[in-house]
């Protein structure tokens, strides 16, 4: 799982920081992360992508909200300038889905409580944060086991999983300035892949 998260982060970091013209994907979701025969991720479907020049300005402006509810960063809703941090947010949601086995898109179709699509992504993020903090602000020692998809059993390194979720939670911060750039996400994941 860490390999898929790391490979996806590397792909997004490349788009954001290494291309001749920077590319914002604007539609990061599980369906747009394909796996090859060796389970290496490939970021795909650039239908909603946005190209920015090196000065950070685009040749045209966004005219409407793009992407799928649940994966969209708050700045889309508040009509704030769109930066690479929208992809960082979506990436964080995808990682939380991978770890927990819970799908944002399914939550938006029909809510468990009969609701129709209000901020269920906040519920996933809030639920993970609540479990991590044990409800009283202190970190629960077994929080990773509580949020990890039962399908995984115990076939994972708990320290790596804890680090992966911690990175994902940084990516889904409401304030885009609090979210790390994808290159920093790659660094954090590489650190945990090698050191643990």
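Numbering (the working numbering), first residue to last: 140 to 335.
Glycine residues also receive a C-beta, built at the ideal position from the N, C-alpha and C atoms.
- With a beta-carbon spacing of about 18 angstroms, residue 278 and residue 311 fall beyond the 8 angstroms limit used to define contacts.
- Under DSSP, residue 173 forms a beta bridge with 181.
- In chain order, 181, 183 place their CB closer than 6 angstroms to the CB of residue 173, counting only its own chain and leaving out the 5 sequence neighbours on each side.
- Here the alpha carbons of residue 208 and residue 217 stand approximately 14 angstroms from one another.
- The alpha carbon of residue 210 has as its nearest neighbour, out of 326, 294, 292, 225, the alpha carbon of 225.
- Residue pairing by DSSP leaves residue 145 without any beta bridge partner.
- Excluding five sequence positions before and after residue 315, the CB atoms of its chain that fall closer than 7 angstroms to its own CB belong to 212, 214, 222, 224, given in chain order.
- Residue 272 is classed as exposed because its beta carbon has fewer than 16 other beta carbons within 10 Å across all chains shown.
- The continuous stretches of alpha helix (DSSP H) do not include residue 154, and DSSP gives it neither H nor E.
- Beta-carbon to beta-carbon, residue 306 and residue 283 are separated by about 13 angstroms, too far to satisfy the 8 angstroms threshold.
- By the 16-neighbour rule on beta-carbons within 10 angstroms, residue 294 is exposed.
- Rounded to the nearest whole angstrom, the CA to CA distance from residue 287 to residue 268 is 13 angstroms.
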